[in-house]
Amino acid sequence: MKHYIITYDISDDKRRNKIYKLLRDYAVPVQYSVFEARLKDEDYLLLRYKLERLMKRDTDSIIFYRQCIRCQKDILRLGRSGEPFGDGIFIL
Amino acid sequence: MGSLLFVGSKLSFYYFHNLEYIEKLRWKGLMVGYVNYEVLIVMEMLKTNNEHIYLPISAIAEILYCPRNFYYRVVEGAQDLNAHVLEGRLQEDRRNERTRVAREGYSQVRSVMISSEKLRLIGVVDVVEEDSEIYPVEYKKGSLKESLSDDVQVCAQAMVLEEKLGRDINRGYIYYVQSRTRREVVLDESLRSLVEKTVNRGFEIINSGEIPTPAADARCEGCALARRCLPFEVSCLVDESRKKTVRPIPCFNQGRVLYVDEPGAYVRKKGERIWVTKEKDTLIDMPLCNLEQVVLSGTVNISAQLIKILLERGTEVHFLSRGGKYYGCLQPSLSKNSVLRIAQHKAFQSNSQCLKYAREFVRGKLTNMRTLLVRHNRTQKDKNLLLAITKIKSMLKKLDDITSLNSLLGIEGICSKEYFKVFNCLIKDTVPFNFNKRNRRPPEDPVNALLGYGYSLLTKDISSAVQVVGFDPYIGFLHRSNYGRPALALDLMEEFRPIIVDSLVLKVLNKGVINKDDFECQVTGTFLNDSGRKKFYRAYEERRHEMITHPIFNYNLPYLRIFELQARFLAKVLQGELYEYKPFLVR
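Respectively, the protein sequence lines represent chains R and W.
Numbered per this note's numbering, the first sequence finishes at 174, counting up by one with no gaps.
Numbered per this note's numbering, the second sequence finishes at 733, counting up by one with no gaps.
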């Protein structure tokens with residue numbers, strides 16, 4: 083499991099919408115055009131593959147920042163923002 | 147007949163490399179239950195007649211690398227996938243989408259499916275290229291290296307192509323994606339004879355049905371099958387001198403678990419996410435990736451679309467009642483490991499085999515019961531406890547002389563009685579709970595309610611472990627399969643009852659995690675209420691994820707992995723790879 087911060091910059095509205103929807107299947111939107119996720123290697127590969135198919139390489143940009151476990155603890159969240167789903171259990 | 151085997155086994159993966167097609171195929175396997183039954187028949191027929199069986203070319207290359215890998219992929223139909231395998235497939239998919247020809251002046255055809263009747267091989271050539279001569283090109287994910295198994299794969303492809311085209315092929319190429327280099331392979335006589343030898347060896351492995359010994363070296367690092375194969379553990383159990391080499395399988399993922407215990411909640415799919423609503427409120431909206439288990443308790447609705455996608459991904463869905471009854475789970479199609487099921491049924495038919503395994507399950511249970519009592523007795527120093535401990539110990543000695551299942555059950559009964567007689571001593575006096583005797587359906591007091599609920603939760607995890615490994619959960623050795631209960635899961639569960647559930651119940655009671663307000667008394671019995679159940683789920687999950695040092699292999703792993711490990715060992719014993727089943731005993 084690795085922690086990623088994913089940011090994107092996409093000019094076309096339609097394509098941005100599609101990419102947004104795809105990212106939501108893997109990650110949590112924490113701010114406008116910023117996502118965070120904890121992904122297995124397999125899921126990371128699949129997400130990357132799907133993104134590559136949707137995006138247009140010459141105009142769009144998507145960046146994955148990987149974070150080590152140590153740096154994750156140093157994340158400071160001020161004010162209103164989303165938070166990625168951790169591991170473990172969810173009880174409703 | 148040959149084609150049936152393809153549908154049911156791993157061969158389909160070698161056959162159709164397109165990702166979408168694999169998805170479809172997997173889904174077909176889910177719905178068409180009989181496919182696996184046919185494979186079962188095919189497997190039996192293999193021993194007498196395997197004329198129509200074709201081996202995948204990529205599997206041939208694997209024989210040279212690791213014969214055990216070949217066995218699992220072809221005979222047991224393993225479809226295990228890890229990041230390395232997935233990346234290779236994705237690369238192939240990307241290649242196939244490309245329309246531009248990479249090398250000018252050459253004609254290229256991608257993903258050519260070929261088969262040979264002479265060699266009885268089938269496979270896909272990544273690229274067939276033609277200039278003045280024609281030759282196959284095989285793509286490999288890594289960087290440039292000399293590898294005999296890759297050479298054999300290309301040579302086999304060339305030989306099959308020769309047979310199809312009727313032309314001589316003198317060379318082939320391997321393209322290494324990472325280093326972007328091609329390596330030429332000259333197809334001389336010695337390589338060709340090696341291919342034939344390897345194909346024969348493949349059929350020998352299939353016919354003998356014996357599992358090749360594990361490699362247990364650097365090759366096992368990053369192998370997708372390591373979880374099934376357990377190379378280091380098996381070689382340690384077979385040969386004590388290799389004990390030091392045992393390493394845990396690196397970074398297995400402990401996925402998320404979602405409990406929904408909210409009457410009237412609706413669990414549905416949204417994109418590839420799980421979305422739980424109640425009336426108009428969203429309770430959770432979570433990506434499906436890395437979701438390991440969904441547990442639904444009480445009246446919760448789940449949509450068919452979500453069920454479908456969860457089955458497809460192999461995520462388990464368990465159903466519990468609010469009173470703690472385990473209804474069962476949604477099960478993806480039966481595992482392809484028909485060889486194991488045949489072995490299980492054979493063992494079930496033999497009384498001595500049944501007794502052999504049943505004895506170990508009981509031994510596990512009694513030893514762990516005793517350990518639990520001993521642990522508590524260290525601080526409590528109670529006379530009654532000591533008496534129960536010695537009684538269980540004396541009974542344990544008798545286990546080896548047992549000759550019938552009934553006397554085994556007798557011993558188990560006596561010990562359980564002794565154990566539950568002193569169980570009340572383990573609950574602190576400061577806590578307002580008492581335990582008189584074990585009762586159920588329905589439980590009469592809070593402690594019994596907790597025990598019953600805990601056992602249900604444990605049943606859920608053990609039965610999924612049993613199914614992941616590929617057993618038939620309804621054929622058990624200690625619990626006979628009379629009442630349509632998951633008998634094998636109940637068998638394997640015995641050794642975990644005291645250490646997982648009993649000690650957990652004591653913990654939550656003694657530490658005051660669960661108190662009097664968490665129960666509701668009805669006319670018929672005592673049950674956990676909403677808040678109590680939620681507290682107990684959390685406590686149980688924490689226990690399940692608790693890390694423990696393995697008594698034999700000395701590495702740390704969580705209990706949930708130990709459930710699976712035990713089931714895998716039982717499978718290896720049934721398939722004749724290990725001699726005896728050793729129950730999991732804590733110290």
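Each residue gets a CB set at the ideal place from its N, CA and C atoms; glycine is no exception.
Classification of residue i by the beta-carbon crowding that lies within 10 angstroms, buried from 16 upward
| i | result |
| --- | --- |
| residue 715/W | buried |
| residue 135/R | exposed |
| residue 483/W | buried |
| residue 441/W | buried |
| residue 450/W | exposed |
| residue 729/W | buried |
| residue 160/W | Because the pLDDT at residue 160/W is just 33, under 50, the model does not fix this residue reliably, and the point stays unresolved. |
| residue 605/W | buried |
| residue 210/W | buried |
| residue 697/W | exposed |
| residue 658/W | exposed |
| residue 693/W | exposed |
| residue 163/R | exposed |
| residue 534/W | buried |
| residue 511/W | buried |
| residue 96/R | exposed |
| residue 204/W | buried |
First through last residue of the beta strand (DSSP E) which encompasses residue i
| i | result |
| --- | --- |
| residue 136/W | Examination of residue 136/W is not possible in this model, given that chain W is present from 147 through 733 alone. |
| residue 253/W | 253-262 |
| residue 429/W | 427-433 |
| residue 272/W | 267-276 |
| residue 438/W | 437-443 |
| residue 108/R | Per DSSP, residue 108/R belongs to no beta strand (DSSP E) and is neither H nor E. |
| residue 794/W | Here chain W comprises residues numbered 147 to 733, so residue 794/W is not present and cannot be evaluated. |
| residue 330/W | 327-332 |
| residue 404/W | 402-406 |
| residue 672/W | 672-674 |
| residue 476/W | 472-476 |
| residue 657/W | First-last for residue 657/W: undefined, no H or E at that position. |
| residue 286/W | 280-286 |
Cβ distance (whole Å) where residue i is taken to contact residue j below 8 Å
| i | j | result |
| --- | --- | --- |
| residue 586/W | residue 594/W | 6 Å |
| residue 167/R | residue 338/W | Going by Cβ atoms, the distance from residue 167/R to residue 338/W rounds to 54 Å, so no, they are not a contact pair. |
| residue 358/W | residue 472/W | Between residue 472/W and residue 358/W the Cβ distance is about 38 Å, and since that is not below 8 Å, they are no contact. |
| residue 244/W | residue 360/W | Not really, about 39 Å apart at Cβ, beyond 8 Å. |
| residue 277/W | residue 252/W | 5 Å |
| residue 680/W | residue 660/W | No, residue 680/W and residue 660/W are not in contact; Cβ-Cβ is about 10 Å, not under 8 Å. |
| residue 260/W | residue 273/W | Between residue 273/W and residue 260/W the Cβ distance is about 13 Å, and since that is not below 8 Å, they are no contact. |
| residue 476/W | residue 457/W | 6 Å |
| residue 110/R | residue 87/R | Actually they are not in contact, since the Cβ atoms of residue 110/R and residue 87/R sit about 11 Å apart, beyond 8 Å. |
| residue 690/W | residue 705/W | 5 Å |
| residue 313/W | residue 331/W | Between residue 331/W and residue 313/W the Cβ distance is about 17 Å, and since that is not below 8 Å, they are no contact. |
| residue 516/W | residue 543/W | At roughly 12 Å, the Cβ-Cβ gap does not stay under 8 Å, so residue 516/W and residue 543/W are not in contact. |
| residue 468/W | residue 444/W | 4 Å |
| residue 436/W | residue 156/R | Actually they do not touch by this definition, with Cβ atoms about 23 Å apart. |
Under 8 Å between C-beta atoms of residue i and residue j
| i | j | result |
| --- | --- | --- |
| residue 232/W | residue 345/W | no |
| residue 127/R | residue 372/W | no |
| residue 732/W | residue 726/W | no |
| residue 713/W | residue 651/W | no |
| residue 664/W | residue 656/W | no |
| residue 172/R | residue 430/W | yes |
| residue 281/W | residue 302/W | no |
| residue 90/R | residue 101/R | yes |
| residue 474/W | residue 588/W | no |
| residue 686/W | residue 634/W | no |
| residue 507/W | residue 607/W | no |
Residue interval of the alpha helix (DSSP H) (run including residue i)
| i | result |
| --- | --- |
| residue 344/W | 335-354 |
| residue 243/W | 229-243 |
| residue 141/W | Because chain W here runs from 147 to 733, residue 141/W falls outside it and cannot be looked at. |
| residue 208/W | 203-211 |
| residue 378/W | 377-384 |
| residue 458/W | 450-459 |
| residue 151/R | 151-155 |
| residue 666/W | From DSSP, residue 666/W is part of no alpha helix (DSSP H) but of the beta strand (DSSP E) over 665-667. |
| residue 310/W | 294-311 |
Task: Every unbroken beta strand (DSSP E) inside the stretch 690-733 of chain W [3 residues or more] - done: 693-695, 702-704
Open item on the list: If we require 4 or more residues per run, which alpha helix (DSSP H) segments fall completely within the stretch 557-613 of chain W?
Closed with: none
TODO: Scan the stretch 83-147 of chain R and note each continuous beta strand (DSSP E) run of 3 residues or more that stays entirely inside, going in chain order.
DONE: 84-91, 110-113, 116-121
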